[in-house]
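As you go down the protein sequences, you meet chains A and B in turn.
When we follow this note's numbering, the leftmost residue of the first sequence carries the number 1, and every step to the right adds one.
When we follow this note's numbering, the leftmost residue of the second sequence carries the number 1001, and every step to the right adds one.
Heads up, the beta-carbon is just placed ideally off N, CA and C, and yes, glycines get one too.
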Amino acid sequence: MRIVTCIKQVPASSKVDVDPITGVLIRDGFNVKMNPYDLYALEASFSIKNKTNNCTIQAITMGPISAKEVLEEALYMGSDEATLVSDRRFAGADVLATSYTLSQLIRHIKEYDIVICGKQTTDGDTAQVGPEIAEFLNIPHVPYVVEVLEVTDNSIIVRSSFDEHDEVTEVLYPCLLTIEKGIQVPRLPSYNRKTQMKDYDIKTITLAQLPDKNPDHYGLNGSPTRVEEIFPPNKRTDSILVEGTRTELAETLFKILKDNKYV
Amino acid sequence: MGYIKINQENVTKAIADKLIQICPFNAFEYENTNLSINAACKVCKICIKNGPLGVCEFIDEPTQKIDKSLYKGITVYIQQRLNKAHPVSWELIGKAKELAKKTNEPVYAIVIGNKIEEIAKEALAFGVDKVFAYQDDVFKDFNVEIYTNVVETFYKQHKVNIILFGGTTEGRSFAPRVAARLKTGLTADCTMLDIKPDGDLLQIRPAFGGNIMAKIHTPNHRPQLATIRYKMFNAPKKIKATGRIMFEGIKNIRKQTSIKLLKTDDLPKHTDISDAEIIVAVGRAFKKQKDLNLIKPLVDMLGAEVACTRPLIENGWFNPRKQIGLSGRTVKPKLIINLGISGAIQYIEGMKESDLIISVNNDLDNKLFQISHYAIHGDIYDVIPELNQLLSELL
Chain A
1 MRIVTCIKQV PASSKVDVDP ITGVLIRDGF NVKMNPYDLY ALEASFSIKN
51 KTNNCTIQAI TMGPISAKEV LEEALYMGSD EATLVSDRRF AGADVLATSY
101 TLSQLIRHIK EYDIVICGKQ TTDGDTAQVG PEIAEFLNIP HVPYVVEVLE
151 VTDNSIIVRS SFDEHDEVTE VLYPCLLTIE KGIQVPRLPS YNRKTQMKDY
201 DIKTITLAQL PDKNPDHYGL NGSPTRVEEI FPPNKRTDSI LVEGTRTELA
251 ETLFKILKDN KYV
Chain B
1001 MGYIKINQEN VTKAIADKLI QICPFNAFEY ENTNLSINAA CKVCKICIKN
1051 GPLGVCEFID EPTQKIDKSL YKGITVYIQQ RLNKAHPVSW ELIGKAKELA
1101 KKTNEPVYAI VIGNKIEEIA KEALAFGVDK VFAYQDDVFK DFNVEIYTNV
1151 VETFYKQHKV NIILFGGTTE GRSFAPRVAA RLKTGLTADC TMLDIKPDGD
1201 LLQIRPAFGG NIMAKIHTPN HRPQLATIRY KMFNAPKKIK ATGRIMFEGI
1251 KNIRKQTSIK LLKTDDLPKH TDISDAEIIV AVGRAFKKQK DLNLIKPLVD
1301 MLGAEVACTR PLIENGWFNP RKQIGLSGRT VKPKLIINLG ISGAIQYIEG
1351 MKESDLIISV NNDLDNKLFQ ISHYAIHGDI YDVIPELNQL LSELL
């Protein structure tokens, strides 16, 4: 069994603002972390590994060279291998181009049974990259997996959580799963693994090594969508600020509820 | 070919430092007097707009342009389960009709299932011009592989301009599959939509993982795809139907799949915060799980549903179905009381349409205050016990 787990480095804080006068993005530092949903994707990978013999897990990511940090974290948590796909021609990629790039890396890796992604990232928040990778690989996908029920020789049975119902699905390999939060508590990177993996060399793949080398299919060129404008969110002009002692505040809140006939 | 070109001859150490400082994505690298841009670049073009003149330049060499006049029709994918349409579908028809008025395009619906005539008739009553119905026993349950084949067949035959999907769990799994199949753009969870005279859809959503909105368009690809959360728009009034139902040929649609649905478990209805009329939402200011008991008198008195922000899901205090925000549920209750929530844009976009918004927070600068009808500046640990005292006097 070969598992490829897709992870991403995201900003550690969402404190990004746009200056209302100059229209410039202001980011509060460059602290980064692993996308929290990907911790669950990794944990799901480990749980499948525990249910099978001879399973290897390869963590992959796309990003600048500094994104190797999240791959190291994945190795220290328990991934067997790690590969970064990085090229400045990937800059400005939207969902389609990002998914295509990752699918090309997976084609480069060649042998895989299951691709695992977190449900979404906390920076893009689209939840689209997983299903798009599956489509580019021409394999089925099952989203929002909350439980791995059974791993057989040619299929996996999982429980997924939808808006108003749960589904139990059997899907044949090769396939892609996106993992919902809470599947299991993610483990921490271990010191032992860090010592074991200290000589491991994370592979870096560039455009020149991917099966499709046409730069028009990557980055901004390969992205159908364009950001035309960025702007700060609307503010309410009729907002009422209530200040006072704790008793006054509670009394005002009580009065608002009463005036609106909620109590 | 679109990229940011650096004119190296104009680069000095000071200029490099300035660019490194203004780039919000840390994409500049300066080494041995050579300034380069790494893969972290999002082509936001701030280096051109605000950087030193003549250093960075955006090169967008023209590609072959599509003929936009060949693509007509704003289409809504009608999501159905057990032959009942999801109400987000009707909300999207309302928005599609508004947009279509501006470009004088027809409004279409596409519905896939095994017994869908009633749904198709309902779509007509909401005022669509044509419903394209794909009916077969194979289509009974949603299957992302087979349904993608259906939408692909539909698009190749009818060359529509836009397809809108509900941003439900199903839609968020299905629409990206369609986008990759048709090699086109897809914008997730748009909070506003508009259209340009040439038919370009303007898709507005939070972006860059921050408190920023982005206006996104798809200038040279068709169809244009977007998902929109439930309760973002209003369903139109029903009218006397004038449109037609077209039962489409399904013989040539591939129906093989590697996904087998073994079982579905329906959840008790009351668990859904999307339909709640009154919500009490809690955030990170609650320090311990047991402190949530503080809100019980208020919740009981109001008959409210309790919802929460993402960090509390991460703490494991709530089921993910209780999360408000674009990564959780969109809500539009008559009343929402936000307790100790700082208001990340993902949260705000998920509840800002609520009729009456009251927020309690001890931080005056929190973003949620800016969209609240009443911003109560105080600590939840002070205000709620006092409020509970007042509520108890009513009993």
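Query, Result
"Considering only residues of the same chain and omitting the five flanking positions on each side of B/ALA1120, which have a CB-CB separation below 7 Å?", "VAL1111, VAL1131, ALA1133, ILE1245"
"Just to confirm my understanding: we take A/VAL168, look at its own chain, exclude 5 residues before and 5 after, and list those with CB closer than 6 Å. What are they?", "ARG159"
"In this structure, does DSSP put B/GLN1346 in helix, strand or coil?", "helix"
"Just the C-alpha distance for A/ASP163 and B/THR1191, rounded to the nearest angstrom, thanks.", "19 Å"
"Could you give the first and the last residue of the continuous alpha helix (DSSP H) run that contains B/TYR1381?", "1380 to 1392"
"Within the 7 Å Cβ cut-off, does A/PRO189 reach chain B?", "no"
"Helix, strand or coil: how does DSSP classify B/ILE1246 here?", "The question names Ile, but residue 1246 of chain B is Met in the sequence shown. In the structure shown, B/MET1246 sits in a strand (DSSP, three-state: E or B)."
"Any heavy atom of the ligand SAM closer than 6 Å to the Cβ of B/GLY1127?", "Questions concerning the ligand SAM fall outside what the structure shown contains, since it holds no ligand whatsoever."
"For B/MET1001, which of helix, strand or coil comes out of DSSP?", "Residue placement at B/MET1001 cannot be trusted, given a pLDDT of 48 that sits under 50; what the coordinates show is reported in the next sentence. Coil."
"Using a Cβ-Cβ cutoff of less than 7 Å, which residues in the same chain neighbour B/GLY1171 once the five nearest sequence positions on both sides are dropped?", "GLN1079, PHE1165, THR1227"
"As a quick exercise: from A/TYR200, A/ILE240, A/LEU207, pick the residue whose alpha carbon is nearest that of A/ALA74.", "A/TYR200"
"Given this structure, state the Cα-to-Cα distance separating B/LYS1143 from A/MET34, to the nearest angstrom.", "Here the sequence assigns Asn to residue 1143 of chain B, which means Lys is not the residue at that position. If I take the Cα positions, the gap works out to 31 Å."
"Beta carbon of A/ILE183, beta carbon of A/ALA12: below 7 Å?", "no"
"What separation, rounded to the nearest whole angstrom, lies between the Cα atoms of B/THR1012 and B/GLU1031?", "11 Å"
"Assuming A/ARG246 is part of the alpha helix (DSSP H), what are its boundary residues?", "246 to 259"
"On the three-state DSSP scale, how would you describe A/THR101?", "helix"
"In the structure shown, what three-state DSSP assignment does B/ASP1017 receive?", "helix"
"Going by DSSP, name the residue or residues bridged to B/HIS1373.", "DSSP lists no partner for B/HIS1373."
"Going along chain B, which residues have a C-beta under 8 Å from A/LYS68?", "Neighbours of A/LYS68 on chain B: none; closest Cβ ~12 Å, over 8 Å."
"May I ask you to report which of helix, strand or coil DSSP gives B/GLU1057?", "strand"
"Name, going along the chain, the residues of the region 93 to 105 of chain A whose beta-carbon falls closer than 7 Å to a beta-carbon of chain B.", "ASP94, VAL95, LEU96, SER99"
"So, does the CB of B/THR1169 fall closer than 7 Å to a CB anywhere in chain A?", "yes"
"Around the Cβ of A/TYR191, are there at least 16 other Cβ atoms within 10 angstroms (buried) or fewer (exposed)?", "exposed"
"Chain A beta carbons: is any one of them nearer than 7 Å to that of B/THR1330?", "no"
"A/THR252 touches chain B at which residues, Cβ-Cβ below 9 Å?", "TYR1374, ILE1376"
"Since B/LEU1326 and A/ASP125 are thought to touch, with beta carbons under 8 Å apart, how far apart are those beta carbons, to the nearest angstrom?", "6 Å"
"Give me, in chain order, the residues of the same chain whose beta-carbon lies closer than 6 Å to that of A/ARG193; leave out the 5 immediate sequence neighbours on both sides.", "TYR76"
"In chain order, which continuous runs of the beta strand (DSSP E) of length 3 or greater are located wholly inside the region 84 to 142 of chain A?", "114 to 118"
"Please list, in chain order, all residues of the same chain as B/ILE1295 whose beta carbon is under 8 Å from its beta carbon, the five residues on each side excluded.", "VAL1280, VAL1282, VAL1306, LEU1339, ILE1384"
"Any chance the region 1014 to 1030 of chain B sits against the region 51 to 60 of chain A, with 3 or more Cβ pairs inside 8 Å?", "no"
"Can you tell me where the beta strand (DSSP E) with B/VAL1150 in it begins and where it stops?", "Careful: B/VAL1150 lies outside any beta strand (DSSP E), inside the alpha helix (DSSP H) at 1144 to 1158."
"Would you give the residue range spanned by the alpha helix (DSSP H) that B/GLN1323 belongs to?", "From DSSP, B/GLN1323 is part of no alpha helix (DSSP H); its letter is neither H nor E."
"Tell me whether A/LEU71 sits in a helix, a strand or coil according to DSSP, three-state version.", "helix"
"According to DSSP, is B/GLN1289 helix, strand or coil?", "helix"
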